[in-house]
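Okay, so here's the structure we're looking at.
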Amino acid sequence: MDNKNSNLQAEIVRMSGVNPRKCMRCGKCSATCPAYDEMEYHPHQFVYMVENGELEPLMKSKSIYKCLTCFACVDRCPRGVEPAKLVEAVRLAVIRQQGKNHLKPEDIPPIVDEDLPQQAIVTAFRKYAK
Amino acid sequence: MQRIGVFVCWCGTNIAGTVDVKRVAEALKNEPGVVYSDNYQYMCSQAGQDMIKNAIHEYKLTGVVVCSCSPRMHETTFRKTAAAAGLNPYMVEIANIREQCSWVHKDMEAGTEKAIILGRAAIAKLNLNTPLTAGETPVTKRALVIGGGIAGIQTALDIADAGFKVDIVEKKPTIGGKMAQLDKTFPTLDCAACILTPKMVDVGQHENIRIFSYSEVTDVKGFVGNFDVTIKRKARFVKEDVCTGCGLCMEKCPMKKVPNEFNLGLDNRTAIYIPFAQAVPKVATIDPNYCIMKKTGKCGLCSTVCTVGAIDYNQQDEIIEEKYGAIVVATGFNPISMDKFDEYAYSQSKDVVTSLEFERLMNAAGPTQGTLLRPSDGKHPHTLVFVQCVGSRCEACAEKGKEYCSKICCMYTAKHAMLVRDKYPDTEVYVFYIDVRTPGKNFDEFYRRAVEEYGVHYIKGMVGKVAPEGDKLMVQASDLLDNKQLHIAADMVILAAAIEPDESARSLATMLTASMDTNDFFTEAHPKLRPVESPTAGIYLSGACQGPKDIPDTVAQAGAAASKVIGLLVKDKLTGNPCVAESNELMCNGCSACEKVCPYGAITYVDKEFRMPDRTTRVRRVAQVNPAVCQGCGACTVACPSGAMDLKGFATSQIMAEVDAICK
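Protein chains in written order, with numbering that gives the first Met the number 0: chain A, 0 to 129; chain B, 0 to 663.
Following this line, the structure appears as structure tokens:
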């Protein structure tokens, strides 16, 4: 696992408050999950893959948006692992990375034209990357 | 003034590696009272002990300090050595410079300095030691076994066969326990009743065994060798010595709608009942919560039909007081309640059962005479789903379930699955497992047979939910190896419920002053080396009260507990601990503080005449300690506000001398 990836892993673990090492691989989360068939990666895989630092496939997967956040897995997990919180943390990590794609000030003038509402320009300012 | 000899042990490199033993011996030479100081590689060896004996004679020593390992290890050894050389054994003090010094320090300088200080403290204490003589107490040659399951039965038989009297107290109307409810036993599949009931009969007929069934222990006083136990024999409203167990009363009893606890409520029994055909003692019991006569005063049918006149509606609880030398706890286990696991629909469908209920459904003496039928509609089930680890291996802080592995479920589930497939080849049997744990002789082979010969579908995964739909149970589960979610329309779901200690265990532990762990299992004196003894002297552990256990393990432990009890009961006298509390009557102000804190009931108050300075006599109330009962815990010495209570061998002055020596 490279350094960047392990930082990201630590960040996801911190955001979720989940300790994936508590998992005993019983699979009750995935047995419980009502969105199982919609998900490419299933709740138990989230726990396992985060623990192993396989974050790229999770972050690219649509699974993070398919989780209903119903927390059935959290409720039923015998070890208190809380997989749904991990799914949400991965989702958050993706959103935060998107945040890093903010417009730079020099990007703005070329796209400003007469039809562009002023509000959009203000929004773009707000999204400036420092 | 004492003449003290100091002996510093190297313990090979265990001590000498981080403590300069020669410097310690040299430094302690100058302490008050020390007339001799030396060091040696292994003080506990024969040569080391001879060195102590020779020094005692040569230097006319009155006390010995050994700087070595923990007193738990060799205090007895060195006391015996001193006694052999004619010294009072309580004139030996151990300075622990291994566990509490050399093993925990890496720095030679610091380690040596600490060893000197510890040695100095022991010398300071020894200077105030006085010779002590241990008293002797007689041993009551009778054992009490609490619980009449297979653990209690085996322990009682083994003790009784050795020639000692044994009483079994069982809270149910019959002995037999959980094993009597089982169908077959793994890994050999013998019928449980066939191997248990002969033992029950042996217990019932043994001249050395008395059975107090339908009884409870309500109070325990005393100490090892001399326990005073109060037993409540609950009124069964049937004269036990008259009833022949013919069962005529059960046939005639009009109250037939009582949930049958022996079949776990899967069918009904009558208000007057014998739990099962092979019950010991085979005596009827009237359930006063359901008996029409007891509730309304009108009926009396059983009394009319009883040919021997055994029915006595006015029978009262009987209190028995008996003395015992040893007590064996064999209170066993129960499956946990499924209330908090409603994802498995246990409360919603009769066809979701626990494994113990399944035992009854498969048992020839059970509610279905051994034909497997669905409890809801009595139809033959085709698809059965077994769920393992229901409530076992949960997070420690979880509100539901237990942290430990219940140990027996993997094997009995394999047994159930195998038996179903054997009897009904038209069935599909699924077992959902997290891990299959089968350590034990012929255990893994047994599980593999279920898979390979009987075609049981073992699936690595867990059931997430069970939903009753029509006459089916829709089981949603995960298959982790295939990375699939499965949906099975099942006819029955069987839950391998975690097991927990019997609910009577905690109050019993309080009565016995025996320690328990956080799960209410009794704690053994040493997890490896003293597995069948409680840390409380005279209390022994047998079976699942100490931790989850299968029948082979239980029987082995039951025999081990019995041999420990026999080892105690063959002694005529027990040597007591002379380090007991003593009350200075002149200083005692009669406040009763010590009496209240004493956990052993060793302190009593007496009115005693004292001569006053003005030559009058006055009666004062003062504390007295029974040295045979006192265990030397020291609680009274702390509670005493006037300083009248002191502990022999650990007097306040001695402890303070140690503290002073350390702080010097």
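Glycine included, every Cβ here is placed at the ideal spot set by N, Cα and C.
- Counting only Cβ-Cβ distances below 7 Å, V462 of chain B has contacts in chain A at A30, in chain order.
- Around V386 of chain B, the same chain offers F431, V462 and L494 as residues with beta carbons nearer than 6 Å, after the five sequence neighbours per side are excluded.
- K231 of chain B is bridged by DSSP to B:E215 and B:I318.
- Neighbours of G400 of chain B in chain A, taken as residues whose beta carbon is under 8 Å from its own, are P77 in chain order.
- Of all C-beta pairs linking the segment 41 to 54 of chain A to the segment 80 to 89 of chain A, three or more are shorter than 8 Å, placing the two stretches in contact.
- Measuring C-alpha to C-alpha distances from V637 of chain B to each of B:C597, B:P500 and B:D606 identifies B:C597 as the nearest.
- Contact of C393 of chain B with chain A is assigned, a C-beta pair being separated by under 7 Å.
- Scanning chain B for C-beta atoms nearer than 7 Å to the C-beta of G26 of chain A yields G460, M461, S477 and L479, reported in chain order.
- Taking 7 Å as the CB threshold, E239 of chain B stays off the interface with chain A.
- Residue environment analysis places D157 of chain B among the buried positions, since at least 16 neighbouring C-beta atoms fall within 10 angstroms of its C-beta.
- Sequence-ordered contacts of the segment 57 to 68 of chain A with chain B are nonexistent [C-beta pairs closer than 9 Å].
- Identification of residues in the segment 430 to 459 of chain B having a C-beta nearer than 7 Å to some C-beta of chain A yields I433, given in sequence order.
- Judged by DSSP secondary structure, T616 of chain B falls within the beta strand (DSSP E) whose first and last residues are T616 to V624.
- One thing to note: P366 of chain B has its Cβ within 7 Å of the Cβ of D266 of chain B.
- Using a CB distance cut-off of 7 Å, Q347 of chain B does not count as an interface residue toward chain A.
- Here F185 of chain B really is in contact with F445 of chain B; their C-beta atoms are around 6 Å apart, less than 8 Å.
- Taking a beta-carbon distance threshold of 7 Å, Y47 of chain A does not count as an interface residue toward chain B.
- Our two residues, M58 of chain A and V93 of chain A, have alpha carbons roughly 6 Å apart in a direct line.
- The beta carbon of G32 of chain B is closer than 8 Å to those of M0, Q1, R2, I3, G62, I122, L125 and N126 in its chain, skipping five residues each way along the sequence.
- In the three-state DSSP reduction, D659 of chain B falls in the helix class (H, G or I).
- If you look at P42 of chain A, you'll find it in the alpha helix (DSSP H) that goes P42 to E50.
- Here the alpha carbons of I194 of chain B and G203 of chain B stand approximately 15 Å from one another.
- If you look at P109 of chain A, you'll find it in the alpha helix (DSSP H) that goes I107 to I110.
- The segment 577 to 594 of chain B and the segment 625 to 642 of chain B touch, with three or more beta-carbon pairs separated by less than 8 Å.
- The shortest CA-to-CA distance from S503 of chain B to any of B:F520, B:A489, B:A497 and B:A496 is the one to B:F520.
- Counting the other CB atoms within 10 Å of its CB gives R610 of chain B a total below 16, which places it among the exposed residues.
- Contact annotation for Q484 of chain B against chain A: S29, A30, C32, Y35, D36 and H41 [CB-CB distance below 8 Å, chain order].
- Assigned with DSSP and collapsed to three states, G221 of chain B falls in strand.
- Inclusion of A270 of chain B and V282 of chain B in the CB contact set at 7 Å is not warranted, their separation being larger than that value.
- Here the C-alpha atom of V618 of chain B lies approximately 28 Å from the C-alpha atom of A650 of chain B.
- At the C-beta level, G224 of chain B and G324 of chain B come within 7 Å of one another.
- Close partners of M23 of chain A in chain B (Cβ separation under 7 Å): R392 and I433.
- About 18 Å separates the Cβ atoms of A497 of chain B and A344 of chain B, ruling out a contact at the 8 Å cut-off.
- One alpha carbon belongs to V605 of chain B, the other to C587 of chain B, and they sit about 11 Å apart.
- For M361 of chain B, the enclosing alpha helix (DSSP H) begins and ends at S354 to M361.
- Pairing C393 of chain B with I433 of chain B gives a Cβ-Cβ distance that is not under 7 Å.
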